[in-house]
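Enquirer:
2 protein chains.
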Amino acid sequence: MNTLAEENYLKSIYHLSIDAENVSTNQIAASLNTKASSVTDMLKKLSDKALINYTRYQGVSLTPSGEKIAVNIIRKHRLWEYFLVEKLKFKWDQVHDMAEEMEHISSAELIDRLDEFMDYPQHDPHGEPIPDCNGRFNASELTPISALRVNDSGTISGVRDHSSSFLQYLEKQQLTLGKKISIMEIVEFDHSMILQIENKKEIHISREAANNLLIAL
Amino acid sequence: MNTLAEENYLKSIYHLSIDAENVSTNQIAASLNTKASSVTDMLKKLSDKALINYTRYQGVSLTPSGEKIAVNIIRKHRLWEYFLVEKLKFKWDQVHDMAEEMEHISSAELIDRLDEFMDYPQHDPHGEPIPDCNGRFNASELTPISALRVNDSGTISGVRDHSSSFLQYLEKQQLTLGKKISIMEIVEFDHSMILQIENKKEIHISREAANNLLIAL
DNA sequence: TAAAAAATTTAGACTTATCTAAATTATGAA
DNA sequence: TTCATAATTTAGATAAGTCTAAATTTTTTA
Ligand SMILES: [Mn+2]
Ligand SMILES: [Mn+2]
Ligand SMILES: [Mn+2]
Ligand SMILES: [Mn+2]
Numbered sequence: 001m002n003t004l005a006e007e008n009y010l011k012s013i014y015h016l017s018i019d020a021e022n023v024s025t026n027q028i029a030a031s032l033n034t035k036a037s038s039v040t041d042m043l044k045k046l047s048d049k050a051l052i053n054y055t056r057y058q059g060v061s062l063t064p065s066g067e068k069i070a071v072n073i074i075r076k077h078r079l080w081e082y083f084l085v086e087k088l089k090f091k092w093d094q095v096h097d098m099a100e101e102m103e104h105i106s107s108a109e110l111i112d113r114l115d116e117f118m119d120y121p122q123h124d125p126h127g128e129p130i131p132d133c134n135g136r137f138n139a140s141e142l143t144p145i146s147a148l149r150v151n152d153s154g155t156i157s158g159v160r161d162h163s164s165s166f167l168q169y170l171e172k173q174q175l176t177l178g179k180k181i182s183i184m185e186i187v188e189f190d191h192s193m194i195l196q197i198e199n200k201k202e203i204h205i206s207r208e209a210a211n212n213l214l215i216a217l
Numbered sequence: 218m219n220t221l222a223e224e225n226y227l228k229s230i231y232h233l234s235i236d237a238e239n240v241s242t243n244q245i246a247a248s249l250n251t252k253a254s255s256v257t258d259m260l261k262k263l264s265d266k267a268l269i270n271y272t273r274y275q276g277v278s279l280t281p282s283g284e285k286i287a288v289n290i291i292r293k294h295r296l297w298e299y300f301l302v303e304k305l306k307f308k309w310d311q312v313h314d315m316a317e318e319m320e321h322i323s324s325a326e327l328i329d330r331l332d333e334f335m336d337y338p339q340h341d342p343h344g345e346p347i348p349d350c351n352g353r354f355n356a357s358e359l360t361p362i363s364a365l366r367v368n369d370s371g372t373i374s375g376v377r378d379h380s381s382s383f384l385q386y387l388e389k390q391q392l393t394l395g396k397k398i399s400i401m402e403i404v405e406f407d408h409s410m411i412l413q414i415e416n417k418k419e420i421h422i423s424r425e426a427a428n429n430l431l432i433a434l
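Chains as they are written, first to last, in the working numbering: chain V, 1 to 217; chain R, 218 to 434.
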């Protein structure tokens with residue numbers, strides 16, 4: 001149906017669309033580690049296929065059919081990540097790159113049966129919601145820790161950065177999904193934060209880390 | 218490491234090598250549904266990479282490193298087929314095309330954990346042996362039914378043709394793996410055969426079908 | 001509001017994998 | 001052993017996806 005490159009562009013545009021109405025050529029180029037001129041070429045092709053709305057110099061958005069394809073790829077990505085962690089016992093920091101390959105396996109029946117086999121999980125190992133076979137999912141209402149105030153508390157429920165360096169760091173600090181934390185102190189100088197985990201250990205995390213740790217209040 | 222096209226050529230050469238020492242350009246072209254000229258181009262590339270032994274007009278064979286890659290792809294193909302049948306409850310005639318895609322997922326650790334998850338199966342849903350993580354497997358000593366004589370008997374243990382039309386036909390006739398059959402009669406005119414399944418039902422199969430049904434004596 | 005700077009697109013080239021048509025080499029039947 | 005045929009390779013094109021460098025458009029800044 002669509003090539004691997006086309007699928008990756010659609011997925012990238014989808015993710016970038018969360019922050020902004022229209023996505024720019026340079027944003028896509030950065031997210032796919034490619035050059036702006038390559039992006040322009042692909043945008044023309046996707047536009048011809050009616051998968052994106054594109055006018056020169058104005059950035060792009062997904063059409064309904066483009067969005068449908070993107071959500072389906074994300075469904076596959078997250079279900080395979082769940083499979084790798086829950087069934088094959090990989091750590092949450094090991095699965096993203098494998099899922100980047102597996103999300104392109106085309107069979108819809110395969111992914112629906114995988115979903116059933118795992119009993120319809122709602123969230124992937126990084127706390128992201130898994131779309132159902134109709135592409136529906138609850139947009140998670142999570143807040144970055146950096147938005148909290150002293151004495152606020154909540155449960156760690158997601159991460160924004162999926163890099164294995166960040167996830168391994170969280171693992172080592174015991175900042176894993178499901179842990180309850182509260183804010184003890186916010187350092188004014190650099191906006192770093194001191195948290196208490198499950199009413200026990202206190203740890204100190206950078207503003208950068210706090211921006212990428214998501215919490216349900 | 219190697220492209221998808223390269224992997225498919227290596228796998229094809231491996232399978233064709235079972236019948237003959239050297240594999241011809243036309244054989245490869247037929248098995249991959251491509252043209253002889255395309256094959257020649259690829260043979261040069263694989264030869265440059267030292268994955269095949271190739272001299273113009275003389276056909277090819279795999280080098281040890283080419284064979285290692287081919288066996289690994291076959292390992293992945295058969296393990297994924299087993300997964301699809303045993304875990305996701307697909308029928309044996311539905312899984313081959315999906316496995317053609319999945320066999321190219323690159324992670325070695327993924328496939329080793331999948332192997333462990335399924336408790337190291339020895340045979341795929343079509344009776345083919347599954348290579349272990351070192352590429353070792355028992356070359357199955359199966360005989361096509363067409364080589365049997367009247368009153369011979371054995372257990373159905375494999376198929377040569379993996380097309381879904383053949384497998385669905387077998388399913389309908391209850392000629393599935395593990396069934397015990399004996400030869401009642403061989404029709405001299407067209408070499409078709411009358412079999413008895415599990416000492417009960419008698420059925421009549423063509424020479425063509427008999428050639429593609431394998432048995433352990 | 002006119003440069004300057006940044007973003008984007010176009011032009012032209014390259015790689016991989018494929019094709020058709022033509023040329024070359026091998027094979028086997030007379 | 002020769003020549004017709006079959007098999008294989010080469011030559012030249014094409015499509016997808018990418019790149020660099022140059023041109024164009026938009027945005028920002030002064
Ligand atoms: Mn991921
Ligand atoms: Mn994830
Ligand atoms: Mn198969
Ligand atoms: Mn098989």
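C-beta: ideal position from N, C-alpha, C; glycine also. Since the model is a prediction, treat every value here as computed from it, not as a measurement.
Any residues whose CB sits closer than 6 Å to a heavy atom of ligand 3? List them in chain order?
Expert: Output, sorted by chain position: R:H294, R:E298, R:H313, R:A316, R:H379.
Enquirer: Got a sec: which bits of the segment 97 to 118 of chain V sit with their beta carbon under 7 Å from any beta carbon on chain R, in order along the chain?
Expert: Against chain R - using a Cβ distance shorter than 7 Å - the residues of the segment 97 to 118 of chain V are M98, E101, M102, I105, S106, S107, L110, R113, L114, F117.
Enquirer: Any heavy atom of ligand 5 closer than 7 Å to the beta-carbon of R:D369?
Expert: The model depicted lacks ligand 5 and carries ligand 1, ligand 2, ligand 3 and ligand 4 instead.
Enquirer: Nearer than 7 Å: is that true of the beta carbon of R:E444 relative to any heavy atom of ligand 4?
Expert: Outside the shown range of chain R, which is 218 to 434, sits residue 444 of chain R, and nothing can be said about it.
Enquirer: Is R:G395 buried or exposed, if buried means 16 or more other CB atoms sit within 10 Å of its CB?
Expert: The residue is exposed, with fewer than 16 neighbouring Cβ atoms inside 10 Å.
Enquirer: Taking 7 Å as the cut-off, is the CB of R:D236 close to at least one heavy atom of ligand 4?
Expert: R:D236 Cβ: outside cutoff for every heavy atom of ligand 4.
Enquirer: Contact defined as beta carbons within less than 8 Å: I believe V:D115 pairs with V:L79. What is the distance between those atoms, to the nearest angstrom?
Expert: With a Cβ gap of about 6 Å, V:D115 and V:L79 count as contacting.
Enquirer: Tell me the rounded alpha-carbon separation between R:G375 and V:S106.
Expert: Between R:G375 and V:S106, the C-alpha separation is close to 28 Å.
Enquirer: Given that a residue counts as buried once 16 or more other Cβ atoms are within 10 Å of its Cβ, and exposed if not, what is V:K172?
Expert: Classification of V:K172: exposed, given that the 10 Å Cβ count is below 16.
Enquirer: Just tell me which of V:G66, V:S65, V:K49, V:L43 has its CA closest to the CA of V:T55.
Expert: Comparing Cα-Cα distances from V:T55 to each of V:G66, V:S65, V:K49, V:L43, the minimum goes to V:L43.
Enquirer: Nearest-angstrom Cα distance between V:E100 and V:L88?
Expert: Taking the straight line joining both Cα atoms gives about 17 Å.
Enquirer: Between R:A310 and R:N416, what straight-line distance do the alpha-carbon atoms span, to the nearest angstrom?
Expert: Just to set this straight, residue 310 of chain R is Asp in the shown sequence, not Ala. Rounded to the nearest angstrom, the two C-alpha atoms are 26 Å apart.
Enquirer: Within this structure, are the beta carbons of V:L195 and V:E202 separated by less than 8 Å?
Expert: Yes, they are a contact pair.
Enquirer: Report the residue ranges of all beta strand (DSSP E) runs contained in full by the segment 96 to 150 of chain V; include only those spanning at least 3 residues, in chain order.
Expert: List check, beta strand (DSSP E) in window: nothing returned.
Enquirer: Assign R:K252 to buried or exposed, taking buried as 16 or more other Cβ atoms, counted over all protein chains shown, within 10 Å of its Cβ.
Expert: By the 10 Å Cβ count, R:K252 comes out exposed.
Enquirer: Hey, would you say R:I414 sits closer than 8 Å to R:Q385, going by beta carbons?
Expert: No; because the gap between Cβ atoms is not below 8 Å, this pair is not in contact.
Enquirer: Does V:V39 pass the burial test, meaning 16 or more other C-beta atoms within 10 Å, or should it be called exposed?
Expert: Buried, by the Cβ-count rule.
Enquirer: Let me make sure I understand the geometry here. Which of R:V277, R:I400, R:D341, R:A426 has the alpha-carbon closest to that of R:I235?
Expert: Considering only alpha carbons, the answer is R:V277.
Enquirer: Comparing the C-beta of R:K418 with each C-beta of chain V, is any distance below 8 Å?
Expert: Chain V, which has no Cβ nearer than 8 Å to the Cβ of R:K418, makes this no.
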